[in-house]
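>
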Amino acid sequence: MSTLRAGTGPIPVPVLFAHLVDDTRLLTPRALAPPMAQVAREYLSARDGEYGGMIGQLVCPVSRLPELVTELARLTPIAPVDISLVVDTGLGAVPKALSLVLSRENLLTPCTVEAAAPNDVDHVWLERVAEFVPEDVLAVVEPRRPLNGDTGQWLDAVRRVADHGCSPKLRCGGTRASDVPSVDQVTAFLVAADTAPAGFTASLGLRHAVRQHDEATGGVEHGLLNMLVAVARAR
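The sequence shown begins at 2 in the numbering used here and counts up one residue at a time.
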């Protein structure tokens, strides 16, 4: 989620909620995801609509970037799309993907490059990220949280990501109840990520305003307001 700029849609949006909602539908498994044409069309409609100030980035796996470029070229948007690239084909694919985005500046503006990392991620791996991602593009790194056992190594990795100038990511949901971090784990993550210059990123599972029971997994889902309150209390 993003709160970096004030809303610019027809209806004024408070800074707290500006560009808060990213479109992550392309991260759905391809067999279940809506067609690219539908995602691109509906994203542009929402961004350019009445509440466009709340719409954030269009999140796209690197493997689907050429398909997105083709569709946007057909739709001819009135302004470039803020895009978040999710690395699903290895870090080595990042330079080529960014080159494609930068060559289509009338269609796309690169804002974020996001990559998953092992929970023992080291400075060598993070330096490789810095080598591939330009300074004006935010690098988001998600150290994998262990589903059980000691989380100390994971929190150390979160601190390394933050100290390296990247934005640590907290995954808040998934297909299993264990994919949702506990309240204590969320709190520990916020403390560990506090030194990150660009803040942190939270994704998946934040589909509701307040914390509630998830009938599909039998667990709970954290709410967006709960996360905002947790951030305020952590500072």
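The beta-carbon is built from N, C-alpha and C at its ideal position, and this holds for glycine as well.
Is any heavy atom of the ligand ZN found at a distance shorter than 7 Å from the C-beta of R160?
With respect to small molecules bound, the structure shown includes none, and the ligand ZN cannot be examined in it.
> As a quick exercise: from V14, V16, D23, P11, pick the residue whose alpha carbon is nearest that of T202.
Nearest C-alpha to T202: D23.
> Candidates L127, V134, W126, A94: which alpha carbon is nearest C112's?
Closest by alpha carbon: V134.
> Please identify the residue among A194, E222, D151 whose C-alpha is closest to the C-alpha of D180.
Residue E222 is the option with its Cα nearest to D180.
> When DSSP labels each residue in this structure, what does R105 get in the three-state scheme?
Looking at R105 - three-state DSSP - the assignment turns out to be coil, as it is neither helix nor strand.
> Taking C-alpha atoms, which residue in G206, L109, D195, L225 lies nearest to A217?
The shortest C-alpha separation from A217 is found at G206.
> For my contact list, A163 and N120 are in at a C-beta cut-off of 8 Å; report their separation, rounded to the angstrom.
With a Cβ gap of about 14 Å, A163 and N120 do not count as contacting.
> Rounded to whole angstroms, what is the Cα-Cα separation between L5 and G57?
Here L5 scores only 41 on pLDDT, less than 50, and its place in the model is too uncertain to base an answer on.
> Compute the beta-carbon to beta-carbon distance between E132 and S85, rounded to the nearest angstrom, for a pair I have assumed lies under 8 Å.
About 19 Å separates the two Cβ atoms, so there is no contact after all.
> Nearest-angstrom Cα distance between A47 and L59?
Cα-Cα distance, rounded: 11 Å.
> List in chain order: all unbroken beta strand (DSSP E) runs of 3+ residues lying wholly within the region 169-212.
Fully enclosed beta strand (DSSP E) runs of 3 or longer: 202-204.
> Helix, strand or coil for L226 per DSSP?
DSSP places L226 in helix when its eight states are reduced to three.
> P11 to H124, Cα distance in whole Å?
Cα to Cα, the separation comes out at about 44 Å.
> For A32, which of helix, strand or coil comes out of DSSP?
Three-state DSSP puts A32 in coil, outside helix and strand.
> Please report how far the alpha carbon of P15 lies from the alpha carbon of M228, in whole angstroms.
Taking the straight line from one Cα to the other gives about 18 Å.
> How about the region 175-193 and the region 143-158: do they share at least three Cβ pairs that are nearer than 8 Å?
As far as the Cβ criterion goes, the region 175-193 touches the region 143-158, which means the pair count is three or higher.
> Going by the beta-carbon positions, is the gap between A130 and L92 smaller than 8 Å?
Residue 130 is actually Val in this sequence, not Ala. Contact: yes.
> Within the continuous alpha helix (DSSP H) that includes G57, where are the two ends?
That residue, G57, is in no alpha helix (DSSP H); its beta strand (DSSP E) goes 56-62.
> How should L99 be labelled, buried or exposed, when 16 other C-beta atoms within 10 angstroms of its C-beta is the threshold for buried?
Under this definition L99 is a buried residue.
> To the nearest angstrom, how far is the alpha carbon of L108 from that of L21?
Roughly 21 Å separates the two Cα atoms.
> CB A41 to CB L76, shorter than 8 Å?
Result yes, Cβ atoms of A41 and L76 sit closer than 8 Å.
> Can you tell me whether G8 is buried or exposed? The criterion is at least 16 other CB atoms within 10 Å of its CB, across all chains shown.
Confidence at G8 is low in this model, with a pLDDT of 47, below 50, so its placement is unreliable and the value that follows should be read with caution. G8 should be labelled buried.
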